[in-house]
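**Student:** This structure is in structure tokens; I'll ask about it shortly.
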Amino acid sequence: LGNLVSMADLSTNAIGNLLDRAEEFKHGAGSRFTQPVYAVNLFFENSTRTHTSFEMAERKLGLNILPFDPSTSSVTKGETLHDTLLTLDAIGANIAVIRHKQNRYYEPLIAGCDLNLGIINAGDGSGEHPSQSLLDLMTIREEFGRFTGLRILICGDIRHSRVARSNAEALGKLGAKVLFAGPQEWFDDSLSDLGEYGDWDELLPTADVVMMLRIQHERGVSNDHFDPEAYAAKYGLTVQRALHMKQGAIIMHPGPINRGVELASELVQAPNSRFVKQMQNGVYVRMAMIERICLDRHLGGLS
Ligand code: CP
């Protein structure tokens, strides 16, 4: 593989192997690295979970982390993403974990063939978020032991969601039925091959997994006419609405949560919420992703 930028690049076998390895890490497997590997995390969009989780994964694997802060870097002087990576590559970075607002920012970097470092996509605009998808898959597999036949309902700002896109891509491939709900104007027809759009209140009692999404004001949903209370009443997972969930169904949310908007505050850590578990699993899937790229690139003494 060499880079990990899209769930579309991963076969069902490759996904299964990454999840198996993540489970091994979760149950105490140690790092197999015998030679130094240098990682750099470039977050051009804000992040709490993904950034710290990748850094924790790198530290647990024993990688050396080069500091990089876009606001104090030469990006502020106009240096391009390509030239930034050319620089880090020349200095000796082996792995670059990148979050960027531009969809598919990674394509010219990979196509250029002048970079030796491996790229892991930590989120590109409204494109993809493969590490989030893998941690969601790990959490679902831990809960149900399978994907085939599960009904996964994704509700909210679908159009701007890289989480929805990556998950729909992966879950469909793994045999789950993907359903979408939320304001119709926020549904994206390009996703209709990956799942069915339907009525939120009708679909809710049929779902095994209810995945709520944040409204992404930073990607174009106007704040001016947005009424959080009206949204919560119509499309939020409220305490009242959650009573209609199927027995054994779970609530998921990639975070950050707008409490009281898409998800009632009382449900964030409810017994059937897996929000905290998702974040815990994130560290282990990211360890598995980094190890996979290092294996593919013969880094760190791995074979
Ligand atoms: N889920 C997620 O990507 O969260 P952060 O933006 O905090 O990294």
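The opening position of the sequence shown corresponds to residue 10 in the UniProt record's numbering, with each subsequent residue numbered one higher. Glycine is no exception: its CB is placed at the ideal position from the N, C-alpha and C atoms.
1. Report all residues for which the CB-ligand distance to some heavy atom of the ligand CP is below 5 angstroms; order them along the chain.
2. Expressed to the nearest angstrom, what Euclidean distance is found between the alpha-carbon atoms of residue 48 and residue 286?
3. Using C-beta distances below 7 angstroms, list every residue in its chain close to residue 18, excluding the 5 sequence neighbours before and after it, in chain order.
4. How close, in whole Å, do the beta carbons of residue 177 and residue 203 come, if the pair is a contact with beta carbons under 8 angstroms?
5. Please classify residue 263 as buried or exposed, where buried requires at least 16 other C-beta atoms within 10 Å of its C-beta.
6. Please report the residue range of the beta strand (DSSP E) in which residue 48 lies.
7. Kindly identify the DSSP beta-bridge partner or partners of residue 316.
8. Can we say the segment 286-306 touches the segment 65-79, given the rule of at least three CB pairs closer than 8 angstroms?
9. Please determine, among 111, 227 and 73, the residue with the shortest C-alpha to C-alpha distance to residue 309.
10. For the segment 54-63 against the segment 132-140, are there 3 or more C-beta pairs whose distance is under 8 angstroms?
11. Out of 296, 43 and 311, state which residue places its alpha-carbon closest to the alpha-carbon of residue 36.
12. Compute the Euclidean distance between the alpha carbons of residue 183 and residue 175, then round it to the nearest angstrom.
13. Could you give the first and the last residue of the continuous alpha helix (DSSP H) run that contains residue 147?
14. Assess contact between the segment 187-194 and the segment 120-132, defined as three or more Cβ pairs (one per stretch) separated by less than 8 angstroms. Is contact present?
15. Of the choices 144, 258, 252 and 247, whose alpha-carbon is the least far from that of residue 31?
16. For the structure I just gave you, are there three or more beta carbon pairs, one from the segment 209-226 and one from the segment 258-272, closer than 8 angstroms?
17. Enumerate in chain order the residues of its own chain whose CB-to-CB distance from residue 253 is below 8 angstroms, with the five nearest sequence positions on each side excluded.
18. Rounded to whole angstroms, what is the Cα-Cα separation between residue 260 and residue 123?
19. Excluding the 5 residues preceding and the 5 following residue 278 in the sequence, name in chain order all residues of the same chain whose CB lies nearer than 8 angstroms to its CB.
20. For residue 216, count neighbouring Cβ atoms within 10 angstroms of its own Cβ and tell me buried if that reaches 16, exposed if not.
21. With 16 other CB atoms within 10 Å as the buried threshold, where does residue 270 fall?
22. Looking only at its chain, what residues have a beta carbon closer than 8 angstroms to the beta carbon of residue 244, apart from the 5 residues adjacent to it on each side?
23. For residue 306, which residues from the same chain have a beta carbon less than 8 angstroms from its beta carbon, with the 5 sequence-adjacent residues on both sides left out?
24. So is residue 238 buried or exposed if we call it buried at 16+ other beta carbons inside 10 Å?
25. For residue 50, count neighbouring C-beta atoms within 10 Å of its own C-beta (all shown protein chains included) and say buried if the count is 16 or more, exposed if not.
26. Whose C-alpha, out of 179, 153 and 90, is nearest the C-alpha of residue 119?
27. Tell me residue 282's beta-bridge partners as DSSP assigns them.
28. So what's residue 224 in DSSP terms, helix, strand or just coil?
29. I think residue 179 touches residue 219, with their Cβ atoms under 8 angstroms apart; what is that distance to the nearest whole Å?
30. What are the boundary residues of the alpha helix (DSSP H) that includes residue 91?
31. How would you label residue 109, buried or exposed, when you count the other beta carbons within 10 angstroms and need 16 or more for buried?
**Tutor:** So, from the data block:
1. In chain order, the qualifying residues are 56, 57, 58, 59, 263 and 264.
2. 26 angstroms
3. Contacts found: 10.
4. Confirmed, Cβ separation roughly 4 angstroms.
5. Buried, because 16 or more other Cβ atoms sit within 10 Å of the Cβ of residue 263.
6. Segment 47-52, the beta strand (DSSP E) holding residue 48.
7. There is no way to answer for residue 316, as the model of the chain reaches only from 10 to 312.
8. With the cut-off at 8 angstroms, the segment 286-306 and the segment 65-79 touch.
9. Closest by alpha carbon: 73.
10. yes
11. 296
12. 12 angstroms
13. 139-153
14. For the pair of segments examined, the segment 187-194 was found not to touch the segment 120-132: the number of CB pairs separated by less than 8 angstroms stays below three.
15. Across the set 144, 258, 252 and 247, the C-alpha of 144 shows the shortest separation from the C-alpha of residue 31.
16. yes
17. 210, 213 and 214
18. 43 angstroms
19. 284 and 285
20. Around the beta carbon of residue 216, 16 or more other beta carbons lie within 10 angstroms, which makes this residue buried.
21. buried
22. 164, 165, 190, 191, 192, 209 and 271
23. 11, 103 and 127
24. exposed
25. By the neighbour-count rule (16 or more Cβ atoms within 10 Å), residue 50 is buried.
26. When the alpha-carbon of residue 119 is set against those of 179, 153 and 90, the nearest one is in 90.
27. 260
28. coil
29. So it is not a contact: roughly 17 angstroms between Cβ atoms.
30. 90-100
31. Residue environment: residue 109 is assigned as buried (16 or more neighbouring CB atoms within 10 Å of its CB, all protein chains considered).
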